[in-house]
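Structure first, then comments.
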Amino acid sequence: MRTTTPTKRPDRRRGAALALGLALLIASPAQAAVTDAFTADFDVHRGSIALGTTTFRLEAGERAGCYVYSGRADPNALVRMFIGRVTDESRFCIEDGAIRPQHFRHHIDGDAEDSYTLDFDWSAREVTYENEAGRRKTMALGDRALDPLSIQIAARRWLAEADDPAALGEARFALIDEDERKTYTLRVFEGGTIETEAGIYDTLRVERVDSSRHLRFWLAENADWIPVRVEHQKGDGGVFRMSMTRLHR
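Under the UniProt record's numbering, the sequence shown has 161 at position 161, and the numbering climbs by one with no breaks.
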């Protein structure tokens, strides 16, 4: 895996899966770039308090046109007193031009109630939720739906396919979040130039606009729309911020 350098210019839990987040043989060049493998490391803060680190990784799956996108949050020593390591993994494929999740797993060390899997059966249009405590629920899937990680890939793809990404406005994405089906409305805003430890990036900000639980991604135009900053706010719990520290591609 090579390390890429961006173009330089002079000038509590449910949220963890979200903040932690394209058939190659027939894909356009923009689509292929979105699904290129990468590993990105982030520092995580709540206000001025350091919470730990997060790593996102995208890699090819076992079949052509299929991928594995994972996230791992490692809390620092203080935070580990309250919550264990959080790991997420989405296995998805691109079929008929759409992202189709196959399996999603969210795991929190020591927390069986909030650790769960989603298994997608597209032929039956059903998705099955099961947590590690044994609770199980099957839901209608509909024609399209994402999981809490593959929605990040869908947002990147949305921008990559546009002739003028900054003018996209908003779009609605169906999401299976734990044992519920939801709809997220995402809107594109100017993100400005973001300076991180990993480099300087020209960005657009993709933000959820249909909920008071703010979710914002700054996606880098000069890094195939990989997120370089993420913010998530849930109620009065403060704002959780992730900032990229390293990018390998």
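Virtual Cβ for every residue (Gly too), placed ideally from N, Cα, C.
message = Need the endpoints of the alpha helix (DSSP H) that residue 83 sits in, please.
response = Premise fails: residue 83 is in no alpha helix (DSSP H) and is neither H nor E.
request  = Quick one: measure Cβ to Cβ for residue 173 and residue 160, integer angstroms, because I've assumed they're closer than 8 Å.
outcome  = The pair is not a contact, with the Cβ atoms about 15 Å apart (cut-off 8 Å).
Bridge partner(s) assigned by DSSP for residue 243 = 43, 229
request  = Please state whether DSSP places residue 165 in a helix, a strand or coil.
outcome  = helix
query = In three-state terms, what does DSSP make of residue 135?
reply = coil
ask   = Using CA coordinates, which residue listed in 85, 149, 127 is at the minimum distance from residue 67?
value = 149
task = Check the Cβ-Cβ distances between residue 229 and every residue of chain D, and say whether any is below 8 Å.
result = Protein chains in the displayed structure number just one, and chain D is not present.
Close beta carbons around residue 130, own chain, < 6 Å, minus the five adjacent residues each side = 117, 136
inquiry  = By DSSP's criteria, residue 74 is part of a beta bridge. Which residues make up the other side?
reply    = 53
ask   = Cβ atoms of residue 141 and residue 126: under 8 Å apart, would you say?
value = yes
key: Simplified DSSP state of residue 174, which is helix, strand or coil   = strand
task = Check whether the region 170–190 touches the region 226–234, taking contact to mean three or more Cβ pairs, one atom from each stretch, closer than 8 Å.
result = no
query = Among 75, 171, 57, 108, which one has its Cα closest to the Cα of residue 240?
reply = 75
task = Would you kindly work out how many angstroms separate the C-alpha atoms of residue 45 and residue 162, rounded to a whole number?
result = 32 Å
ask   = Is it right to say residue 107 is buried, meaning 16 or more other beta carbons lie within 10 angstroms of its own, or is it exposed?
value = buried
ask   = Would you say residue 151 and residue 175 are within 8 Å of each other, going by their C-beta atoms?
value = yes
query = Given residue 166, which residues of its chain have a CB within under 8 Å of its CB, disregarding the five upstream and five downstream residues?
reply = 188, 190, 204
message = Could you tell me the alpha carbon to alpha carbon distance between residue 47 and residue 234, rounded to whole angstroms?
response = 13 Å
ask   = What are the uninterrupted segments assigned as alpha helix (DSSP H) that are 4 or more residues long and contained completely in the region 199–224, given in chain order?
value = none
ask   = Is residue 33 helix, strand or coil when you go by DSSP?
value = helix
inquiry  = For a quick check, are the C-beta atoms of residue 128 and residue 114 less than 8 Å apart?
reply    = no
ask   = Is residue 85 closer than 8 Å to residue 72 when the C-beta atoms are compared?
value = yes
key: Inter-residue Cα distance where the pair is residue 133 and residue 164   = 46 Å
ask   = CB residue 39 to CB residue 248, shorter than 8 Å?
value = yes
query = Taking DSSP as the reference, what is the three-state secondary structure of residue 150?
reply = helix
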